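First up is the structure itself, then whatever we jot down about it.
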Amino acid sequence: MAPLATALTATMAPLATAPPPTPHDPRSLVPRIRPRRGLTALRAASEGTTDGWTPGSWRARPARQIPEYPYTAALEATERTLAEFPPLVFAGEVRKLEERLGEAAMGGAFLLQGGDCAESFREFNAKNIRDTFRLILQMAVVLTFGGQMPTIKVGRMGGQFAKRRSNPTETRDGVTLPSYRGDIINDQAFDEESRVPDPERLIRAYTQSASTLNLLRAFAHGGFADLQRVTQWNLDFLRHSTQGDRYLEFSQRVHDAIGFMVAAGLTPQHPIMTTAELWTSHECLHLLYEQTLTRKDSITGLYYDCSAHMLWVGERTRQLDGAHVEFLRGISNPLGIKVSDKLDPSELVKLCETLNPHNKPGRLTIITRMGAENMRVKLPRMIRAVRQAGMIVTWVSDPMHGNTISAPCGLKTRSFDAIRAELGAFFDVHGQEGSHPGGIHLEMTGQNVTECIGGSKAVTFDDLSARYHTHCDPRLNASQSLELAFAIADRLRNKRDKAWHNLTSRVVS
Numbered sequence: 213m214a215p216l217a218t219a220l221t222a223t224m225a226p227l228a229t230a231p232p233p234t235p236h237d238p239r240s241l242v243p244r245i246r247p248r249r250g251l252t253a254l255r256a257a258s259e260g261t262t263d264g265w266t267p268g269s270w271r272a273r274p275a276r277q278i279p280e281y282p283y284t285a286a287l288e289a290t291e292r293t294l295a296e297f298p299p300l301v302f303a304g305e306v307r308k309l310e311e312r313l314g315e316a317a318m319g320g321a322f323l324l325q326g327g328d329c330a331e332s333f334r335e336f337n338a339k340n341i342r343d344t345f346r347l348i349l350q351m352a353v354v355l356t357f358g359g360q361m362p363t364i365k366v367g368r369m370g371g372q373f374a375k376r377r378s379n380p381t382e383t384r385d386g387v388t389l390p391s392y393r394g395d396i397i398n399d400q401a402f403d404e405e406s407r408v409p410d411p412e413r414l415i416r417a418y419t420q421s422a423s424t425l426n427l428l429r430a431f432a433h434g435g436f437a438d439l440q441r442v443t444q445w446n447l448d449f450l451r452h453s454t455q456g457d458r459y460l461e462f463s464q465r466v467h468d469a470i471g472f473m474v475a476a477g478l479t480p481q482h483p484i485m486t487t488a489e490l491w492t493s494h495e496c497l498h499l500l501y502e503q504t505l506t507r508k509d510s511i512t513g514l515y516y517d518c519s520a521h522m523l524w525v526g527e528r529t530r531q532l533d534g535a536h537v538e539f540l541r542g543i544s545n546p547l548g549i550k551v552s553d554k555l556d557p558s559e560l561v562k563l564c565e566t567l568n569p570h571n572k573p574g575r576l577t578i579i580t581r582m583g584a585e586n587m588r589v590k591l592p593r594m595i596r597a598v599r600q601a602g603m604i605v606t607w608v609s610d611p612m613h614g615n616t617i618s619a620p621c622g623l624k625t626r627s628f629d630a631i632r633a634e635l636g637a638f639f640d641v642h643g644q645e646g647s648h649p650g651g652i653h654l655e656m657t658g659q660n661v662t663e664c665i666g667g668s669k670a671v672t673f674d675d676l677s678a679r680y681h682t683h684c685d686p687r688l689n690a691s692q693s694l695e696l697a698f699a700i701a702d703r704l705r706n707k708r709d710k711a712w713h714n715l716t717s718r719v720v721s
């Protein structure tokens with residue numbers, strides 16, 4: 213099968229079936245870096261977990277961003293109930309994602325991680341889930357064709373409820389109440405009763421996550437993810453976009469490639485053509501919730517946080533001696549670390565060594581968020597420090613959080629041009645350092661919101677209030693997200709063309 217066909221079919225593989233054999237060991241792509249110690253899941257189980265770790269050992273560490281519940285008995289009863297509930301995801305699915313991310317670390321795949329800043333109870337419905345899933349599928353096809361490599365699709369959904377807060381309280385008109393911390397903890401309404409942390413919300417967050425995962429699995433396997441349908445969606449988008457002329461040829465080539473695959477014998481009814489592979493992720497913030505959903509795998513003996521396939525630790529909770537790092541070091545899920553320009557490279561190395569002591573490819577994803585100018589100065593130092601330590605990580609860009617500004621009307625927003633500039637800096641730095649740009653992490657929605665300014669449809673400051681629906685930070689809408697995907701595909705294609713040119717030049721010479 214042609215390289216494009218291989219990449220496209222890999223990104224559309226079904227969730228629950230075994231992956232096709234990897235054609236190469238991704239570690240062979242970067243021979244200068246070696247894992248410190250080979251470690252299979254079974255071997256890790258036989259050696260036991262890391263020193264002194266238990267699912268609850270984080271409680272003895274300094275804990276930030278943990279809500280204070282006024283009724284201890286009710287909270288403990290809720291924790292016991294959640295601990296008896298079925299897992300939301302399974303260990304085998306988690307291990308498969310780790311394998312995929314290991315390929316991204318070596319330049320053999322690309323991570324697309326995106327979804328809501330914060331999920332809400334009020335806006336929970338099938339349409340919103342469908343629209344975001346559809347957007348992820350559309351972007352993945354574009355990125356897969358641009359890089360001619362599999363796109364790993366990970367949603368910020370099915371558990372992204374908790375919110376970080378700079379201050380524990382909020383004051384309005386002389387009234388001070390606890391801050392809103394996300395629907396999993398309290399309510400957004402500004403009154404005393406709504407702002408009291410409520411343990412029952414943990415149960416509701418679990419049931420909504422279970423429903424979300426159930427619907428996503430149905431969409432992924434029920435024909436909604438048909439590759440030909442996704443390509444047609446992109447063509448329809450371009451016909452109504454001011455960027456259509458620029459990217460229509462690109463999308464038409466994708467359409468032609470799929471036609472070739474069908475003509476070569478891969479029928480439209482084949483599962484590879486009609487199903488999709490999707491994982492879920494969220495920030496590991498509410499440790500009480502995460503602990504209750506941590507399970508010991510019956511096959512390997514390893515612990516997995518079964519609330520999501522992948523979790524990440526945020527900028528405000530990644531202290532080496534803190535509760536969040538303590539919890540994450542003992543679970544076997546793939547982990548992300550949010551990194552800003554404030555983090556010293558030596559501390560980043562210590563975090564990598566703490567969270568991935570066996571240096572497993574795919575275990576750690578470093579998600580950079582620092583703005584374009586800081587990216588060009590700070591990221592090279594981080595890449596060199598991690599490389600010198602011999603650590604294998606997947607480098608991912610979050611171009612959202614370093615570019616939040618206040619509009620004249622007082623609403624938070626982000627500039628599409630600034631987001632694109634940070635992504636450009638991310639690719640430039642990795643090109644200079646000889647490392648791999650492994651993916652993107654976006655706050656986005658399939659809805660037609662007006663929360664970020666710019667893009668081909670030119671959302672302005674004056675437009676923000678028209679459809680500003682976010683419960684947290686501003687998100688890219690569907691049009692802006694797709695436009696960004698085409699721009700990233702251009703960078704991936706240029707990177708691939710350069711590598712091909714260098715290879716053919718050596719062959720000719």
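Numbered per my numbering, the sequence shown spans residues 213 to 721. Glycine included, C-beta positions come from ideal geometry on N, C-alpha and C. Please read these numbers as outputs of a predicted model, since none were measured by experiment.
Annotated three-state conformation of Lys554 is coil, per DSSP. Taking a contact as a CB-CB distance under 8 angstroms, the pair Leu654 and Met612 counts as one, their CB atoms being some 6 angstroms apart. In the DSSP annotation of this structure, the continuous segment of the alpha helix (DSSP H) that includes Glu296 starts and ends at Thr284 to Glu296. Rounded to the nearest whole angstrom, the CA to CA distance from Gly326 to Arg541 is 24 angstroms. Gly268 and Phe539 have their C-alpha atoms roughly 7 angstroms apart. Judged by their CB atoms, Leu347 and Gly658 are nearer to each other than the 8 angstroms cut-off. Sequence-distant partners of Leu460 (beyond 5 residues in either direction) whose C-beta falls short of 7 angstroms from its own C-beta, in its chain, are Leu450. Bridge partners of Met656 according to DSSP: Leu688. The beta carbon of Leu696 is closer than 6 angstroms to none in its chain, skipping five residues each way along the sequence.
As for any beta strand (DSSP E) of minimum length 3 sitting wholly inside the segment 296-372, the runs are 322-327 and 363-368, ordered along the chain. Annotation for Pro390: the continuous beta strand (DSSP E) segment containing it runs Val387 to Pro390. A direct Cα-to-Cα measurement between Arg632 and Asn615 gives close to 10 angstroms. Rounded to whole angstroms, the gap between the alpha carbons of Phe431 and Arg441 is 13 angstroms.
Straight-line measurement puts the Cα of Tyr281 at about 11 angstroms from the Cα of Leu500. Contact between the segment 377-389 and the segment 351-363 is not established, with fewer than three Cβ pairs separated by less than 8 angstroms. If you compare the alpha carbons of Thr388, Ile652, Cys564 and Gly622 with that of Glu634, the shortest gap goes to Ile652. In this chain, the beta strand (DSSP E) harbouring Lys508 covers Thr506 to Lys508. For Val608, the enclosing beta strand (DSSP E) stretches over residues Thr606 to Ser609.
Under the Cβ criterion (8 angstroms, minimum of three pairs), the segment 553-569 counts as touching the segment 588-597. Pairing Ala317 with Pro411 gives a Cβ-Cβ distance that is not under 8 angstroms. The beta-bridge partner set that DSSP reports for Met522 consists of Ser493.
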